[in-house]
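Peer 1: Start counting the sequence shown at 51; every next residue gets the next number (my numbering).
All residues carry an ideal CB built from backbone N, CA and C; glycine is no exception.
Treat the numbers as computed from the prediction; the structure is a model and nothing was measured.
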Amino acid sequence: MRIDGKGLVDRTKPVRFRFDGKDYAGYKGDTLASALLANDVRLVGRSFKYHRPRGVLTAGSEEPNALVEVIGATNQTPNVRATVQEVFEGLVTQSQNRLGSLKYDLLAVNDYLSPFLSAGFYYKTFMWPRAFWEGLYEPIIRRAAGLGSLSGKHDEGTYEKAFAFCDVLVIGSGPAGLMAALTAGRAGADVILCEESHALGGRLLSDSQTIGGMAAGDWVAQAVAELQALPNVRIMLRTTVTGAYDNGTYGALERVGLHKPARPNLPRECFWRIVAQHAVLASGALERPVAFENNDRPGIMMASAVRTYLNRYGVVPGKRVTLFANTDQARGVARDLMAAGVTVAAIIDPRPEASAVEDCPVHVGAEVVGSRGRLGLSGIQVRKGSEVFEIETDCLAMSGGWNPTLHLTCHMNGRPRWSEDLAAFVPMEGAVPGLVAVGAANGSMSTYGALVTGHAAAVKAVEALGRKVSVPVPEAEDAPYRLKALWTVEGKGRAWLDFANDVTTKDVKLAAQEGYRSVEHMKRYTTQGMAPDQGKNSNVGALAVLADATGRAIPETGTTTFRPPYTPVSIAAMGAGGRAEGFAPQRFLTSDQASRDRHAPMIEAGLWYRPSYFPKPGEATWREACDREVNMVRQAVGIADVSTLGKIDIQGKDAARFLDFVYTNTFSTLPVGRVRYGLMLREDGLVLDDGTSARLGEDHYLMTTTTAAAGLVMRHLDFVHQAFCADWQVRFISVTESWAQFAVAGPMARALVNSFLEVPVELPFMGVAPVRIGGVEGRLFRISFSGEEGYELAVPTRYGEALFRDLLARAETMGGGPYGMEALNVLRIEKGFITHAEIHGRVTAYDIGMEKMVSAKKDCIGKAAATRPGMWGPEREQLVGLKAQAAISAGAHLFVPGQEVHRETDQGYVTSVCWSPTVGAFLGLGFLKDGRARLGEKIRLVDHLRGLDVICEVVNPVFHDPDGEKLRA
C-alpha cells in the first residue's frame, strides 16, 4: 500500500500498466515491483523446480523471485527483474514459469513430489527402461526446463553499441561513488559515473540519515547538481557495468528505451565498451537472507528492500511488519516504519546481547523457525530458548548481514579474501589492475567510511594523472558494523538458500554427503547460483552450509568463480549491429566507385567486394579482359587495390620478440626500413597464414596478412599474447580500414611511383619508407605479388579514391591501367605464390616447401607440433606446379596414368588453375605425394564433376622468372 508523504516517485504523473491481464496504476519513478506492492500484489511468480509461490524479495538487480515477461509489439523478453523494470504508460507484463494461472499453477504438484526431486535427481532417475529416455523422459524434462518464454518472432527492436574513454570510471553512485566522482570531477579529470538505477544516490535514497548536517537526500541533490554542471563529468543512468577486462576495459549495459513506450529508432539497450585509466568500484553490498523453514513465502523480504520501498517509493509491503535481523543497522528499518505510521509487530534479534530500546516488542536471543500462508505470509513461528510462539504478520523483513558486491574484482581470475569481522568475503587489492573497491564494496559499512574511502581512491587516481585536488569529506554516520553470523536456523522442513533455483540447505548437505565437497562441484550438482541472479543473495550462505557439512571453515571451502556479466545482458545488445547485413557486412574499397565507373563486375572476397576484371569495348569474355590485364602488367604497368589485406600495427619493447614467437622465421634481426616475408603456424603445427611484416621503427612493426585470414590472425595474436606472454610489453591493433593501399606492378612501376612522390626514392627489394604524396603522409613498400618489379602505396583511407583515380590516369598514359582479381590470380600462379587456396588449414611448412623458414635457433608457436611423425616426409602431398595444353580445374584429383581411378590410388589434388598468356599453357598449383621428387613426370588430372580427364606435366611451381630477377630489378 502507498504511504502518504513518503517516496521519491512523481505522484503528479500516474501511469497505467498491465500484469497478468489486469490493469494497475503506478507513478513515474516506480519500478514494476514497487507498483505491484502498492497495489497489494504479493504473488508475482513461481519458483523454478517446485513451482512454489514467490513474491518480491529485494529492491535491486539481485532479485531472484520477481522475474516477469515484458511483452512488446515486436518482442517478448523473459526473466526481466520487476525490481529493475520501470513502469511506463502501456507497459504489458506477465508472470512466467507456470502452467495455468499464477494463483492456480498446475505444476505446483512438483512441490508435493519434492522428496523425489532432490538435488541431482536427474542423475539418478529416468534410467530405465532405456528406450524411454529419448521418447518420453527427455521431452518431458526439456519441456519443464527453462524460465520464461519467447514469442518465436524475430526481435525487431533496435540495439546499439558504443565506446567511451575516461580518466576515472566510477561504478555506483552511493555515498562512496558520489564522493569519488565529486573529487575526481573537481580535479578536472574526465569522469564517467555509471549507475544501474534511474537516479543517483544509491542507498542514500532509502536511508533516513544526515550528511554534512543536511538530510541525505538533500546532500545527494546538491552533489548531483554539481556533477551535472561539470563539463568533464558524464553521468550514465540505467547503466550497469557488467564486466572487467584487460587494459582497463569495462563492459556496460545501458537500458536506453526499456523505461519508455517503444517508438521507431528508439534503442532498447546499448552495450558500452568503456576504457578507463582508473576505476573506482563503489557498488555497495548485498543483504543476505537467513535460511529457515519456509523462508520463501510471498511477503518475506530483505530488510533493506522494505526500507527502500518505504523511503524511495512510498510503499509498504504489509500492514504488520516484523523484523528478523542480526545487525544494529537493520534496526533502522523498524524505526523508519514506525515513523511512517506502520505497525511493527516485533523485532526478532538472534543476539542475546542486543539492545531492546525500540517502541515495539523486541525479542533478543530469538530466531524465526517457520512461517505460514501459502500464497502470502500470514504468520511466523519464533523460538526463544525452549519457547516457541507465533506472531501474526504479513511482511517479514529479514537480514543476515551484508556481502560486499565484489564481483567485478574477480573477473580477471582474482579471488576474494574472507573477513571474520564482517563474516563476508572482501576484494583482494589489485585483483583488477587500475580498479579500487571503496565503501561497502570493500567492507566499509558506515556512511562516513564510504565517503572517506571513495574520496581517498579518487585522490589517488587524480594524483596519478598529475593533478591535485582538495575536497573536504563531510561528517556522516560512522557506527561500527556489528553482527552475529547467522546462516541457517535449524528445523525439520526445507529452508531455502537459492530462491531462484529452489536450492535448500538439505540439497547442499546432500551434495556433501555424496562426495561433492568442492564448492564448484556442489554448485553444479545442486544448481546453486546458476539461475539468472547468479546466486547474488545465496552463494555465501550456501558456502557456509557446505563448510559446516564438510567440517571446514568458510575460507578453506572457498568461493565459486565470478564471471561476467554481473547482470544478464541480452544477446541482441552484445551483438548490436550484427543483424541482417550487419551480420555479414558488405565492405567496399575506397576505389569501389571508380571501379564500377569502369564497368568492373564485383566479386566477393571474404566480406569485401573487389573488381573481377575491367572490360574494354570489344572484349566479349572475361578471359579476353584478364589476358589483356596480365600482359599489361608484364609489359607496362598495372594498378590493383590491395587494401583488403589485413594490416596489424604492432608496437612495444617486446614487439620483435613477439613476432619471433608467432612467426616461424626471425624478425628481431630485421633492420628498420625493411620488410620480411613470414610464415605463421597454428598450435598443431599446420600453416595458419603467410604475409609480410615491415619494421617501421625500433619497436614498431606493421604486419600484413592475407585478406581471408585477417580476422583469424588477429584472433590468433590475441590468444598467443593472453595465453603465453601476457607480461610482455607489446600491443597490437588492426588498422586494415585505416589505410588504402594500392599495388603498382610492372616494368614501368618505378617511373609511375616516382612521378607521384614529392621526393623520389630508390627502395631496395623488400624495403619500406615514409613518403609524401601531394602533401599527404604515406608509406611506400617495395613488394610484389605479381613477379614483376612492384610497389605498394599506402595513404590514409580518406585519400584512397583520389589516389586510385590519379594512379589510373597516369598508368594509362604509359600503356597501363587497372587489373582485377582474375588477372591478379593468374599473375600469382605464374609466379608460384600461394594463397589460402593452398594454405587451407591442412598443410605444413614442409608441404609448401618452406620447411627451411622454420628457424632452428628459436621457438615459435607450432614448431614442436610440426615435428611430429607424419607431419613431414615423402609420403606427404607436396606443392607442385602443373602444366597442360587442355583446360584443367581446381578441385580435381591426381592419379598415375594407367592406374584405376579410385580413392586408394589418389595421388593428390589441385588447388588453383589458370590460363597463362605469359607461358601459353594452362597452369595449376596442387599437392602431389612426394611431389618435389617427381618433377618432369606426367600425372593424370581427373574431375568427374566437370568431365575432365587431362594429362599434365609436373613442374616447379614457379613458372615465371624463377630466379626473381624482375622483382629485384
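Can you check the segment 971 to 1009 for any beta strand (DSSP E) of at least 3 residues that lies completely inside it and give the ranges in chain order?
Peer 2: Listed in chain order, the complete beta strand (DSSP E) runs (minimum 3 residues) inside the segment 971 to 1009 are 971 to 979, 988 to 993, 998 to 1005.
Peer 1: Restricting to Cα atoms, I'd like to know which of 447, 757, 875, 252 is closest to residue 352.
Peer 2: For residue 352, the nearest C-alpha among the options comes from 447.
Peer 1: Along the chain, where does the beta strand (DSSP E) that runs through residue 129 open and close?
Peer 2: Looking at the DSSP string, the run of the beta strand (DSSP E) that includes residue 129 is 126 to 131.
Peer 1: Can you tell me which residues form a DSSP beta bridge with residue 182?
Peer 2: According to DSSP, which records beta bridges pairwise, residue 182 is partnered with nothing at all.
Peer 1: At 4 residues or longer, what runs of the alpha helix (DSSP H) sit wholly inside the segment 865 to 905?
Peer 2: The qualifying runs are 871 to 881.
Peer 1: Compute the Euclidean distance between the alpha carbons of residue 772 and residue 623, then round it to the nearest angstrom.
Peer 2: Rounded to whole angstroms, residue 772 to residue 623 spans 26 Å at the Cα level.
Peer 1: Quick one, which of 109, 170, 311 has its alpha-carbon nearest residue 67's?
Peer 2: Out of 109, 170, 311, 311 has the C-alpha closest to the C-alpha of residue 67.
Peer 1: Does the segment 53 to 65 come close enough to the segment 363 to 380 to have 3 or more Cβ pairs within less than 8 Å?
Peer 2: With the cut-off at 8 Å, the segment 53 to 65 and the segment 363 to 380 touch.
Peer 1: Inspect the beta-carbon positions of residue 932 and residue 973 and report whether they are closer than 8 Å.
Peer 2: Yes, Cβ-Cβ distance for residue 932 and residue 973 is below 8 Å.
Peer 1: Since residue 452 sits in a beta bridge, which residues does DSSP pair it with?
Peer 2: Paired residue(s): 337.
Peer 1: Considering only residues of the same chain and omitting the five flanking positions on each side of residue 687, which have a CB-CB separation below 6 Å?
Peer 2: Cβ within range, chain order: 796, 798, 799, 802, 861, 864, 866.
Peer 1: Report the option in 570, 445, 626, 645 whose CA atom is closest to the CA atom of residue 853.
Peer 2: With distances taken between Cα atoms, residue 853 lies closest to 645.
Peer 1: So what's residue 286 in DSSP terms, helix, strand or just coil?
Peer 2: If DSSP states are grouped into helix, strand and coil, residue 286 belongs with the strands.
Peer 1: Hey, residue 408 and residue 381: beta-carbon distance below 8 Å or not?
Peer 2: Yes.
Peer 1: Below 8 Å on the Cβ atoms is my contact criterion, and I expect residue 79 with residue 106 to pass it. Report the Cβ-Cβ distance as a whole number of Å.
Peer 2: Incorrect: roughly 17 Å between the Cβ atoms, too far for contact.
Peer 1: Thinking just about the alpha-carbon of each residue, which of 64, 725, 856 is nearest to the one in residue 794?
Peer 2: Cα-wise, what sits closest to residue 794 is 856.
Peer 1: Out of 731, 717, 926, 242, point me to the one whose CA is closest to residue 744's CA.
Peer 2: Of the candidates 731, 717, 926, 242, the one whose C-alpha sits nearest the C-alpha of residue 744 is 717.
Peer 1: Evaluate the contact criterion for the segment 510 to 518 versus the segment 444 to 463: three or more CB pairs, one atom per stretch, below 8 Å.
Peer 2: No: fewer than three Cβ pairs fall under 8 Å.
Peer 1: Tell me the rounded alpha-carbon separation between residue 143 and residue 88.
Peer 2: Near 16 Å, if we compare the C-alpha coordinates of residue 88 and residue 143.
Peer 1: Is it buried or exposed, residue 949, if we count other Cβ atoms within 10 angstroms and call 16 or more buried?
Peer 2: Counting Cβ neighbours within 10 Å, residue 949 comes out exposed, since fewer than 16 surround it.
Peer 1: Check residue 772 in the structure and name its three-state DSSP category.
Peer 2: Helix.
Peer 1: Go through its chain and collect everything with a Cβ distance to residue 817's Cβ below 7 Å, but skip five positions before and after it.
Peer 2: Closer than 7 Å at the Cβ level, and outside the excluded window around residue 817, lie 723, 724, 725, 832.
Peer 1: I'd like to know if the segment 528 to 545 and the segment 496 to 511 are in contact, where contact means that at least 3 CB-CB pairs between them fall below 8 Å.
Peer 2: As far as the Cβ criterion goes, the segment 528 to 545 touches the segment 496 to 511, which means the pair count is three or higher.
Peer 1: Figure out for me which residue from 763, 217, 777, 555 has the closest Cα to the Cα of residue 511.
Peer 2: Checking every option, the nearest Cα to that of residue 511 belongs to 217.
Peer 1: Taking three-plus beta-carbon pairs below 8 Å as touching, is the segment 665 to 684 in contact with the segment 706 to 716?
Peer 2: No, the segment 665 to 684 is not in contact with the segment 706 to 716.
Peer 1: What number of angstroms, rounded off, separates the C-alpha of residue 988 from the C-alpha of residue 934?
Peer 2: Taking the straight line from one Cα to the other gives about 10 Å.
Peer 1: How would you call residue 264, buried or exposed, if buried means at least 16 neighbouring beta carbons within 10 angstroms?
Peer 2: Exposed.
Peer 1: Report all residues from its chain with a CB closer than 7 Å to the CB of residue 283; omit the five preceding and five following residues, and keep chain order.
Peer 2: Correct list, in chain order: 231, 235, 241, 243, 277.
Peer 1: Name the one or two DSSP bridge partners that residue 51 has.
Peer 2: According to DSSP, which records beta bridges pairwise, residue 51 is partnered with nothing at all.
Peer 1: Going straight from the alpha carbon of residue 500 to that of residue 539, what length do you get?
Peer 2: One C-alpha to the other measures close to 32 Å.
Peer 1: Residue ranges of each alpha helix (DSSP H) run of no fewer than 4 residues wholly in the segment 194 to 237, ordered along the chain?
Peer 2: Whole alpha helix (DSSP H) segments, 4+ residues: 225 to 236.
Peer 1: Please state the DSSP three-state secondary structure of residue 319.
Peer 2: Here residue 319 sits in strand by DSSP.
Peer 1: Run the CB neighbour count on residue 358, radius 10 Å, all protein chains shown included, and call it buried at 16 or more, exposed below.
Peer 2: Buried: at least 16 other Cβ atoms inside 10 Å.
Peer 1: DSSP three-state label for residue 788, please.
Peer 2: Helix, per DSSP.
Peer 1: Which word fits residue 679, buried or exposed, when buried means at least 16 other C-beta atoms lie within 10 angstroms of its C-beta?
Peer 2: With 16 or more other Cβ atoms within 10 Å, it is buried.
Peer 1: If you drop the 5 nearest sequence neighbours on each side, which residues of the same chain put their C-beta closer than 7 Å to that of residue 608?
Peer 2: So the qualifying residues of the chain are 569.
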